[in-house]
Amino acid sequence: MATTDYDEAVSIDNLVPQPLSVSKVEGPHLPVHQQLLLLSSDETVKNRFSDVVDRALVGGNPSDQHTVVELEIDRHFHSVFSADVNELKQPSDQAYHLEILADRAKISAPSEAGVFHGIATLRQLVETNRDRSLSIPQCVVDDSPRYPWRGLSMDVARSFYPVDEIKRLIDVLGFYRLNVLHMHLSDDQGWRLQVPGLPRLTELSGATSSDGGRGGFYTTKQFADLVEYGRGRGVALVPEFDSPGHTNAAAHAYGELMPDGEPVPSYSGIEVGFSKLYPEVPFTKEFLMEIINTAAEQSGNGFVHVGGDEALEQDIEDYRLLVREAAGNAAANGKKVVAWQEAATAQLPPGSVVQFWKTHHDAAPMAQAVKDGYKVLMSPASRTYFDMKYSPETEAGQEWAGMFELKQAYQWDPAKFVPGVVEGDIVGVEGGIWTEKIHTFDQLTYMLLPRLAAMAEVAWTGQSKRNWDDFGKRIAGHKEYWEAAGLNWHPSPGVNWA
Ligand code: TNX
1 MATTDYDEAV
11 SIDNLVPQPL
21 SVSKVEGPHL
31 PVHQQLLLLS
41 SDETVKNRFS
51 DVVDRALVGG
61 NPSDQHTVVE
71 LEIDRHFHSV
81 FSADVNELKQ
91 PSDQAYHLEI
101 LADRAKISAP
111 SEAGVFHGIA
121 TLRQLVETNR
131 DRSLSIPQCV
141 VDDSPRYPWR
151 GLSMDVARSF
161 YPVDEIKRLI
171 DVLGFYRLNV
181 LHMHLSDDQG
191 WRLQVPGLPR
201 LTELSGATSS
211 DGGRGGFYTT
221 KQFADLVEYG
231 RGRGVALVPE
241 FDSPGHTNAA
251 AHAYGELMPD
261 GEPVPSYSGI
271 EVGFSKLYPE
281 VPFTKEFLME
291 IINTAAEQSG
301 NGFVHVGGDE
311 ALEQDIEDYR
321 LLVREAAGNA
331 AANGKKVVAW
341 QEAATAQLPP
351 GSVVQFWKTH
361 HDAAPMAQAV
371 KDGYKVLMSP
381 ASRTYFDMKY
391 SPETEAGQEW
401 AGMFELKQAY
411 QWDPAKFVPG
421 VVEGDIVGVE
431 GGIWTEKIHT
441 FDQLTYMLLP
451 RLAAMAEVAW
461 TGQSKRNWDD
471 FGKRIAGHKE
481 YWEAAGLNWH
491 PSPGVNWA
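Quick note, in this note's numbering, the sequence shown goes up one by one and the last residue is 498.
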């Protein structure tokens, strides 16, 4: 089953992320009928969103009436929050205005992205009545995200996750108004996306994985299908081929990457930092060109992730040279660069984003990175690495960054986490899930839910408009959605899940 359609018990009192403003209006609910009438002054908007709205309102009451939904993209849209300097520095193009009247729902937004988020909230507002009919309470919602980039980094390299499972994951992201799925597509243990110019990468290293994980790979056609699926849910896929470290699977497929020309054995352990590339080997340049060209072609937005983490065996000058080479290829394809924080000293192209992850680390290089003009994507392992166990009882996952529960995933401020990195330096928040020890979709969603929902609120809702007690009450209702969608989840303490 590729899609997950359900009626959920999420309602106006437990929206997650909390929109910036929700006003209830007295009066009869808007009934949700089986048939939809989508109105828009713009035909392309109508065509683009009719399926999306249909999915959001699935399970409507059988009747000969229609639910009327009006969608408008308003280029002059002015977010009511644009003046609130504590929340936003400028009107966000992901804002939306949603109104539920007795006879129709209306969404207006400055962009398609805003419309997607409005529809996601519309969907959370649908209530199932005692007689099983669906309706939406009258209300007015004005909303806009704190950060433009709200994502999840998904490691499909250590353990492969097939197309239908990634689609289910995209559904969850869209439900929480997350808009980026960063796909970590290569590592020491496996290579997961076809590179047309280098077929052996997937022919040989598609099959390998971490011990206990699944092998497999996406054809470029399958990946394009995933990008399209994400696009239909407001989620952009950003591909990453990691280098110059984390490249054992590449050197297993192409011995040409090694000084002696000999392929290295495949690797199924969980150590990091042992593999590297050799700038003096002629094939290295061609390799970086082919893989980054493919990543650029397959990207679902304006970015390519070039990796750059944990090249522990690499000479520092070689490291910088190789990261610059990869980043330069991305820029030559017209893409902006995202790279792990270690790459901040490699002189990346202007406008690049560095992804902070090393929690127990000297903050000075990050402070320097923002002085150098990079933007920061916040992925602190101790708050957003969902492969960390909840507690010693958790069956899957790791613990190197510390075990953490829902409350810790919720209670932190991205702008107060790294000394020298403040609100205006940050593009967003991205969780990570590394799959050395997470091998099934059930294990994956168990680690993500509920913590991913907490992170979505951290990234969306301004610091002054959210608090743990209130979140704890709201998130409880989401278990009905997870269960109806067949998503395994963890009953974190501090929430009354009854
Ligand atoms: C660190 S996060 C890594 C990954 C591991 C992860 C395990 C990062 C940039 N590198 O290679 O999979 O820890 O939690």
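Note that the Cβ used here is the ideal one computed from N, Cα and C, for glycine as well.
Per DSSP, the beta bridge partners of residue 354 are 339, 376. Unbroken beta strand (DSSP E) runs of no fewer than 3 residues, entirely contained in the region 394 to 437, are found at 426 to 433, following chain order. For the beta strand (DSSP E) assignment, the uninterrupted runs of no fewer than 3 residues enclosed by the region 13 to 88 are, from N- to C-terminal side, 21 to 24, 33 to 39, 61 to 73.
In the three-state reduction of the DSSP assignment, residue 255 falls in the helix class, which pools H, G and I. Here DSSP, grouped into helix, strand and coil, assigns residue 489 to coil. Distances from the CA of residue 288 to each of 268, 255, 253, 328 were compared; the closest alpha carbon is that of 328. The alpha carbon of residue 117 has as its nearest neighbour, out of 144, 207, 128, the alpha carbon of 144. If you draw a 10 Å sphere on the C-beta of residue 248, you find 16 or more other C-beta atoms in it, and that means buried.
A direct Cα-to-Cα measurement between residue 348 and residue 378 gives close to 18 Å. Inclusion of residue 94 and residue 461 in the CB contact set at 8 Å is not warranted, their separation being larger than that value. For residue 498 and residue 470, the gap between their C-alpha atoms comes out near 16 Å. Short of 6 Å from the beta carbon of residue 441, and not among the five residues preceding or following it, lie these beta carbons of its own chain, in chain order: 165. Looking at the DSSP output, residue 303 bridges to 336. Secondary-structure assignment with DSSP links residue 236 through a beta bridge to 180. Looking at the backbone, the Cα of residue 151 and that of residue 232 are separated by about 16 Å. Excluding sequence positions up to five before and after residue 318, its CB lies within less than 7 Å of the CB of 279, all in the same chain and listed in chain order. Taking C-beta atoms as the reference points, residue 381 and residue 412 fail to come closer than 8 Å.
The beta carbons of residue 495 and residue 472 sit about 5 Å from each other, so the pair counts as a contact at 8 Å.
Beta-bridge partners of residue 152 (DSSP): 181, 431. The beta-carbon distance between residue 309 and residue 245, rounded to whole angstroms, is 6 Å. This is short enough to meet the 8 Å contact definition. Check the Cα spacing between residue 399 and each of 153, 72, 388: the tightest is with 388.
For residue 191, the distance from the CB to the nearest heavy atom of the ligand TNX is not below 7 Å. Under the DSSP assignment, residue 172 falls outside any beta strand (DSSP E), being part of the alpha helix (DSSP H) whose first and last residues are 163 to 175. Excluding five sequence positions before and after residue 207, the CB atoms of its chain that fall closer than 6 Å to its own CB belong to 215, given in chain order. In the three-state reduction of the DSSP assignment, residue 440 falls in the coil class.
For the 8 Å CB-CB criterion, residue 453 and residue 433 do not form a contact. Put simply, of 286, 331, 353, 330 the residue whose alpha carbon is nearest the alpha carbon of residue 340 is 353.
Restricting attention to alpha helix (DSSP H) runs no shorter than 4 residues, the region 112 to 140 encloses them at 112 to 125, ordered along the chain. A direct Cα-Cα distance of roughly 48 Å separates residue 252 from residue 57. Under the three-state reduction of DSSP output, residue 143 falls in the strand class. In this structure, residue 250 sits near residue 186, with a CB-CB distance shorter than 8 Å.
Within the same chain, 386, 406, 409 come within 7 Å of residue 451 by CB-CB distance, once the 5 residues on both sides are set aside.
Secondary structure of residue 98 (DSSP, three-state): strand. Our two residues, residue 147 and residue 465, have alpha carbons roughly 14 Å apart in a direct line. For residue 32, the closest alpha carbon among the candidates 65, 48, 50 is that of 65.
Using a Cβ distance threshold of 8 Å, residue 77 and residue 50 do not count as a contacting pair.
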